[in-house]
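Colleague: Take the sequence shown: its position 193, counted from the start at 1, is 184 in the working numbering, and no numbers get skipped.
Structure provided below as structure tokens; questions to follow.
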Amino acid sequence: MPETTRSPLALAALATVAIPGLDVIATRPPRNPGADFDVVGVLDAARRRWIVRAPRRAAAGASLEAEVALLTVLGAAVDAGQLRFDVPRPAGFAPLPEGGRAMVYPELLGQPLDVDQLAHGPGLAAQVGRSIASLHEIDPAVLTDAGLPAYDADSYRRRRLSEVDEAAATGYVPAALLRRWEHALEDVALWRFRATPVHGDLAAEHVLVADGEVTAILDWSDARVADPADDLAWLLSTAPEAALDSILEAYALARTESADEHLADRALLAGELAVVRWLMHGVRIRDGQVVDEAIEMLSQLENDVAGEGPIGRVEPVVTDWVDDTAEDQVDEEISAVDEESPEREDTPAIDEGASSIHEVEDPRVTHADDVASGRYHRAGALTGDDDETADHPELLILREPAAGTSPRRGDDETPTAQLPPVT
């Protein structure tokens, strides 16, 4: 069906068709109009409040049908105590002239979440974390049986990579952002997770709260089985820093799965890629205003992440600090080995006819038979101009086998020269 928008009065009329006998006395603007649905709140003569949602285009209509099937089973999960929040309960439907249908459901208790009010501690921030975790604990079959898409970790990673490639083809995405995202998407260590049911479009306007509790979550048209990090992305980008620890800790404690060490990394990536999806939405519906808005958001994002390290990578710390205590301990251990291995004092003299020698780390513990056999010689036995080895008798010298002899224990390569730290 072509894209269609409807006035609040037209939506109110659909409500009377969906619920016979409904007497609408007032309408009010929607809390979150969105891009795919026309939404309005209506009040009937019995002072009951209803929400009317009508898809604007065919794709949204198909999503609504899948959402209706899902809401039925999610409602059962709410009633069974598996979910910590309520969901819309469809009460009636009205056919649309261009195809598809509108849905009407009773308005749910609560107001959209104000993320700025989230704070550190066991209050609302922890409630949000536990509520999202309860969704991720639901059996994935609940969504797949309703006909919703499902992805494992690797297929979802490849799906994200395709999204980035598609956006890159527009020429609107800064090269620095493309490199940042491709690095994270190609780091397979970040993408080891068990896929769970996810809302897929979670945002503050979809979470209703009342009296410090999460009461309901709305708009399930993007639900799927995928990366649980998707449902945390909006919090990492909008919630106060002080509240994030409480949210993530409460979430982790409510999950039965073992800790996902890269959950926050993927959530950060998902939040950034939301701008890409907004860009591609504008491209697909040929809305220049949406495209321009997305381009501006991408430019701002490029500035925001400039100077940050790659997503998920922790750079090693390089320091010149020397732990003298640790060095003393090593010296004591070497001395102890010397005392326990007196046979090493009888090391044969170096073969002056050897073609070359290689300095190696002290192998006296693991290569005792090699020393005894004459493969290794102490550096102190050397004569000549090599002052460094002469000053370090703890080194052993590996003599290459004479021509025609066979290397021992698989030593078919010349050992790499290595020196212990010189103090």
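All C-beta atoms in this analysis are idealised placements derived from N, C-alpha and C, irrespective of residue type, glycine included.
Note that the structure is a prediction, hence the values are computed from the model and not measured.
Grab me the residues of residue 258's own chain with a C-beta within less than 7 angstroms of its C-beta, minus the 5 sequence neighbours each way, in chain order.
Modeller: These residues qualify, in order along the chain: 220, 223, 224, 227.
Colleague: Keeping to the same chain, check which residues put their C-beta closer than 7 angstroms to that of residue 8; ignore five residues upstream and five downstream.
Modeller: The residues are 85.
Colleague: Look up residue 81 in the DSSP assignment and say whether it is helix, strand or coil.
Modeller: It is coil, neither helix nor strand.
Colleague: By Cβ distance below 8 angstroms, which residues in the same chain neighbour residue 286 in space, the five residues on each side in sequence not counted?
Modeller: Here the set comprises 163, 270.
Colleague: Rounded to the nearest angstrom, what separates residue 122 and residue 76 at their Cα positions?
Modeller: For residue 122 and residue 76, the distance between alpha carbons rounds to 7 angstroms.
Colleague: Just to confirm the assignment: which complete beta strand (DSSP E) runs, minimum length 3, are found wholly within the region 32 to 96?
Modeller: Those beta strand (DSSP E) runs which fall completely within the region 32 to 96 and span 3+ residues are 40 to 46, 83 to 86.
Colleague: How would you call residue 263, buried or exposed, if buried means at least 16 neighbouring beta carbons within 10 angstroms?
Modeller: Counting Cβ neighbours within 10 Å, residue 263 comes out buried, since at least 16 surround it.
Colleague: Threshold first: 3 residues or longer. Then list the beta strand (DSSP E) segments lying entirely within the region -5 to 22, N to C.
Modeller: The qualifying runs are 15 to 19.
Colleague: Our contact map puts residue 250 next to residue 243 with C-beta atoms below 8 angstroms; I'd like the distance itself, whole angstroms only.
Modeller: Between residue 243 and residue 250 the Cβ distance is about 6 angstroms, and since that is below 8 angstroms, they are a contact.
Colleague: With a threshold of 8 angstroms, are at least 3 pairs of Cβ atoms found where one atom belongs to the region 60 to 78 and the other to the region 123 to 140?
Modeller: They touch, by the three-pair rule.
Colleague: Let me know if residue 210 comes out buried or exposed under the rule of 16 or more other beta-carbons within 10 Å of its beta-carbon.
Modeller: It is buried - the Cβ of residue 210 has at least 16 other Cβ atoms within 10 Å.
Colleague: So residue 101 and residue 80 are supposed to be a Cβ contact under 8 angstroms. How far apart are they, rounded?
Modeller: That pair is no contact at about 15 angstroms.
Colleague: Is the number of C-beta pairs between the region 170 to 186 and the region 28 to 42 that are closer than 8 angstroms three or more?
Modeller: Counting Cβ pairs under 8 angstroms, fewer than three are found: no touch.
Colleague: Bridge partners for residue 187 per DSSP, in chain order?
Modeller: In the DSSP output, where bridge partners are listed per residue, residue 187 has 217.
Colleague: Quick one: what does DSSP say residue 204 is sitting in, helix, strand or coil?
Modeller: If DSSP states are grouped into helix, strand and coil, residue 204 belongs with the strands.
Colleague: CB residue 30 to CB residue 133, shorter than 8 angstroms?
Modeller: Cβ distance not < 8 angstroms, so residue 30 and residue 133 don't count as in contact.
Colleague: Assuming residue 138 contacts residue 245 (C-beta within less than 8 angstroms), just tell me the rounded distance between them.
Modeller: That pair is no contact at about 28 angstroms.
Colleague: In chain order, what residues of the same chain lie with their CB nearer than 6 angstroms to the CB of residue 136, ignoring the 5 residues before and after it?
Modeller: Nothing meets the Cβ criterion.
Colleague: Under the criterion of a Cβ to heavy atom distance below 7 angstroms, does residue 40 qualify as lining the ligand COA?
Modeller: The ligand COA is not part of the structure shown, which contains no ligands of any sort.
Colleague: Return helix, strand or coil for residue 104, following the three-state DSSP convention.
Modeller: Coil, per DSSP.
Colleague: Taking residue 105 as the reference, which of 62, 191, 15, 204 has the closest Cα?
Modeller: Comparing Cα positions, the closest option is 204.
Colleague: Specify, as a first and last residue, the run of the alpha helix (DSSP H) that residue 281 falls within.
Modeller: That run of the alpha helix (DSSP H) goes 279 to 296.
Colleague: Secondary structure at residue 261, three-state DSSP: helix, strand or coil?
Modeller: In this structure, residue 261 counts as helix in the three-state DSSP scheme.
Colleague: Would you report the Cα separation of residue 149 and residue 303, rounded to the nearest angstrom?
Modeller: Distance between the alpha carbons of residue 149 and residue 303: 17 angstroms.
Colleague: So residue 5 packs on residue 18, CB below 8 angstroms; how close in whole Å?
Modeller: The pair is not a contact, with the Cβ atoms about 11 angstroms apart (cut-off 8 angstroms).
Colleague: By Cβ distance below 7 angstroms, which residues in the same chain neighbour residue 274 in space, the five residues on each side in sequence not counted?
Modeller: Correct list, in chain order: 161, 282.
Colleague: Which residue marks the beginning of the alpha helix (DSSP H) containing residue 164, and which one marks its end?
Modeller: Segment: none, residue 164 is in no alpha helix (DSSP H) and carries neither H nor E.
Colleague: Which first and last residues belong to the alpha helix (DSSP H) in which residue 127 is found?
Modeller: Segment 115 to 127, the alpha helix (DSSP H) holding residue 127.
Colleague: Could you check what DSSP says for residue 139 in three-state terms: helix, strand or coil?
Modeller: Looking at residue 139 - three-state DSSP - the assignment turns out to be coil, as it is neither helix nor strand.
Colleague: Among residues of its own chain, excluding the 5 on either side of residue 44, which ones have a beta-carbon nearer than 6 angstroms to its beta-carbon?
Modeller: Counting only Cβ-Cβ distances below 6 angstroms, and skipping sequence neighbours, we find 28, 30, 94.
Colleague: Please classify residue 58 as buried or exposed, where buried requires at least 16 other C-beta atoms within 10 Å of its C-beta.
Modeller: The residue in question, residue 58, is buried, as its Cβ has 16 or more Cβ neighbours within 10 Å.
Colleague: Does the distance from the C-beta atom of residue 140 to that of residue 215 stay below 8 angstroms?
Modeller: Yes, the pair counts as a contact, with Cβ atoms nearer than the cut-off.
Colleague: Note down the Cα distance separating residue 446 from residue 33, rounded to an integer number of angstroms.
Modeller: It is not possible to answer for residue 446, since the shown part of the chain is limited to -8 through 414.
Colleague: Using alpha carbons as the reference points, say which of 267, 185, 70 lies closest to residue 142.
Modeller: Residue 142 has its Cα closest to that of 185, out of 267, 185, 70.
Colleague: Put residue 415 into one of helix, strand or coil per three-state DSSP.
Modeller: Outside the displayed span of the chain (-8 to 414) sits residue 415, for which this structure offers no information.
Colleague: Within 10 Å of its beta-carbon, does residue 398 have 16 or more other beta-carbons around it, so buried, or fewer, so exposed?
Modeller: Confidence is the limiting factor: at residue 398 the pLDDT is only 44, short of 50, which leaves the residue's position unreliable and the question unanswerable from this model.
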